[in-house]
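For what it's worth, the working numbering labels the leading residue of the sequence shown as 216, then goes sequentially.
Below is one structure, written out as structure tokens; the observations come after it.
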Amino acid sequence: MKIFIGLIAVFIVSFHAVSAQDYDTLYLKNQPPLAGKLERIRRGHIIFDLNDVGSIDVDLNKVVSLKTSGFGYRIQTANRDFLIGNFERHEDEGRVKISSASGELDIALRNISEVNLLHESFFERVEGKVSAGLRLSRFDNLGIYNSDIELDYDTERLEMDLSGYLLYIQEEGQISRDRENITFTANYYLSPSWQAVMMANYQRMLQLGIARRFQQGAGAGFYVLQHKRVIGRVVTGVMINNEVSVSGLRNRYLFEAPLIFEFTFFKLSQPEINFTTTQALFTGISQMGRFRVDGSTRLAWNVFKNFDISVNYYNNFDSRSPEDLTSRYDYGLVLELGFNF
216 MKIFIGLIAV FIVSFHAVSA QDYDTLYLKN QPPLAGKLER IRRGHIIFDL
266 NDVGSIDVDL NKVVSLKTSG FGYRIQTANR DFLIGNFERH EDEGRVKISS
316 ASGELDIALR NISEVNLLHE SFFERVEGKV SAGLRLSRFD NLGIYNSDIE
366 LDYDTERLEM DLSGYLLYIQ EEGQISRDRE NITFTANYYL SPSWQAVMMA
416 NYQRMLQLGI ARRFQQGAGA GFYVLQHKRV IGRVVTGVMI NNEVSVSGLR
466 NRYLFEAPLI FEFTFFKLSQ PEINFTTTQA LFTGISQMGR FRVDGSTRLA
516 WNVFKNFDIS VNYYNNFDSR SPEDLTSRYD YGLVLELGFN F
């Protein structure tokens with residue numbers, strides 16, 4: 216009996232020892248270590264899930280080192296390294312060791328661009344953001360409403376992003392769907408700098424005579440900038456369009472060559488600011504001489520945890536709209552309140 220009880224005691228102690236090893240440890244300046252789970256590092260911030268408390272947001276500049284375990288992380292550095300592995304504590308402040316299949320990498324924390332926890336569960340891999348805004352016109356009985364949603368799903372080498380933008384105009388009790396844009400992008404990392412890209416897009420832009428447009432295509436992306444505070448990427452390839460004008464005119468299988476530039480700048484000191492812009496130039500292949508531009512720019516200020524206020528600017532141009540319109544441009548400015556989850 217005593218032997219049996221002793222075996223149970225040994226099992227319980229061993230179980231707790233193994234469980235404790237599953238905890239990640241975050242070492243902060245002038246504070247005791249924190250136990251929990253590293254969820255993500257992005258744009259100079261660490262999202263760390265404290266045991267029995269919940270997730271906290273920590274400035275990377277306040278971290279001495281960290282140690283992780285478990286399924287592993289997808290790690291990208293400012294030196295264009297792309298690794299799947301875990302972190303080991305470094306004896307020097309502000310540094311960390313990355314253990315991966317290719318060996319061990321000694322690196323400064325400030326040179327880590329992005330880290331994603333590789334969850335085994337599908338739903339745990341999904342992150343997102345929702346925002347909404349209202350813009351009142353100087354004209355009576357005219358209101359403009361908009362909403363945005365962004366969803367991200369990550370695996371070892373695959374990133375999938377779904378984003379949507381809706382803008383409605385209410386005038387004299389009538390609601391018009393003025394602008395709609397839903398975009399799906401899949402990026403498969405071939406190397407730290409190169410990605411194979413697949414794209415699909417739905418648009419509605421009444422100001423440019425488009426009742427609906429469906430785009431799909433493929434290409435390649437390359438990081439031209441990858442710094443601890445700045446990220447820039449260029450994407451090109453081939454797109455196929457099917458569009459219907461507001462009068463019902465259909466144009467099918469329109470081939471275009473896109474050139475897309477994505478730029479992100481983030482500032483961690485107060486006030487915390489995030490600036491992003493995406494500008495896409497589409498050159499007509501089936502319709503020679505036609506050029507289109509789709510762009511969006513966002514300046515966000517982090518008010519407090521998970522909430523931000525942003526100013527969004529959208530711009531569109533079509534040199535050969537399917538409708539005979541007086542203007543080839545569409546643009547607007549919207550104020551939004553966003554929630555990150």
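Yeah, the Cβ is synthetic: ideal placement off N, Cα and C, and Gly gets one too.
Per DSSP, Tyr238 lies in no beta strand (DSSP E) segment and is marked neither H nor E. The alpha carbon of Tyr528 has as its nearest neighbour, out of Asp539, Tyr546, Asn517, Trp516, the alpha carbon of Tyr546. Boundaries of the beta strand (DSSP E) around Arg394: 389 to 404. In terms of Cβ geometry, Asp376 and Ile384 do not form a close pair [threshold 8 angstroms]. Here Arg535 carries a coil assignment [DSSP, helix/strand/coil].
In this structure, the straight-line span from the alpha carbon of Tyr238 to that of Phe286 is close to 12 angstroms. Between Ser536 and Leu423, the C-beta gap is smaller than 8 angstroms, which places the two residues in contact. With a contact defined as Cβ atoms closer than 8 angstroms, Gly436 and Val453 miss out at about 14 angstroms. In this structure Ser280 touches Arg310 by the C-beta definition: roughly 7 angstroms separates them, less than 8 angstroms.
Here Arg419 is buried. Its C-beta has 16 or more other C-beta atoms within 10 Å. Between the region 287 to 301 and the region 257 to 267 there are fewer than three inter-stretch CB-CB distances shorter than 8 angstroms, so the stretches are not counted as touching.
With a cut-off of 8 angstroms on Cβ pairs, the region 499 to 516 is in contact with the region 462 to 471, counting three or more such pairs. Shown here for Ile524: same chain residues with a beta carbon closer than 8 angstroms to its own, the five before and five after excluded, namely Ala515, Trp516, Val518, Leu550, Glu551, Leu552, Gly553 in chain order. Boundaries of the beta strand (DSSP E) around Leu253: 249 to 257. The C-beta distance from Lys244 to Lys282 rounds to 16 angstroms, too long to fall under 8 angstroms, and the pair is not in contact. In this structure, Phe481 keeps its C-beta atom at 8 angstroms or more from the C-beta atom of Val449. Counting along the chain, Ile446 sits inside the beta strand (DSSP E) bounded by residues 445 to 460. Here DSSP, grouped into helix, strand and coil, assigns Arg419 to strand.
Each residue's CA atom was taken as its position, placing Ser317 and Val412 some 26 angstroms apart. The C-beta distance from Tyr417 to Phe297 rounds to 31 angstroms, too long to fall under 8 angstroms, and the pair is not in contact. Leu324 carries a helical assignment under DSSP once its states are collapsed to helix, strand and coil. Counting other Cβ atoms within 10 Å of its Cβ, Ser328 reaches 16 or more and is therefore classed as buried. Distance from the Cα of Phe470 is smallest, within the candidate group Leu373, Ile299, Asn457, Ile322, for Asn457. Going by DSSP, Ala293 is part of no beta strand (DSSP E) at all; its letter is neither H nor E. In terms of CA proximity to Leu265, Glu254 leads the group Glu254, Asp307, Asp369. Residue burial annotation: His305 is buried, with at least 16 other C-beta atoms found within 10 angstroms of its C-beta. Take Ser315, set aside five residues on each side of it, and the residues of its chain with a beta-carbon closer than 7 angstroms to its own are Leu298, Ile299, Gly300, in chain order. Residue range 373 to 386 is occupied by the beta strand (DSSP E) that includes Met375.
Looking only at Tyr544, Phe522, Thr479, Thr491, the smallest Cα-Cα distance to Val508 is reached by Tyr544. A straight line joining the alpha-carbon of Thr491 with that of Gly447 spans about 10 angstroms. If you draw a straight line from the Cα of Asn530 to the Cα of Thr479, it is about 18 angstroms long. Per DSSP, reduced to three states, the secondary structure at Lys344 is strand.
Between the C-alpha atoms of Ser406 and Ser346 there is a straight-line separation of about 33 angstroms. Note on Pro473: 16 or more other CB atoms within 10 angstroms of its CB, so buried under the neighbour-count rule. In the DSSP assignment, the residues bridged to Tyr544 are Phe532.
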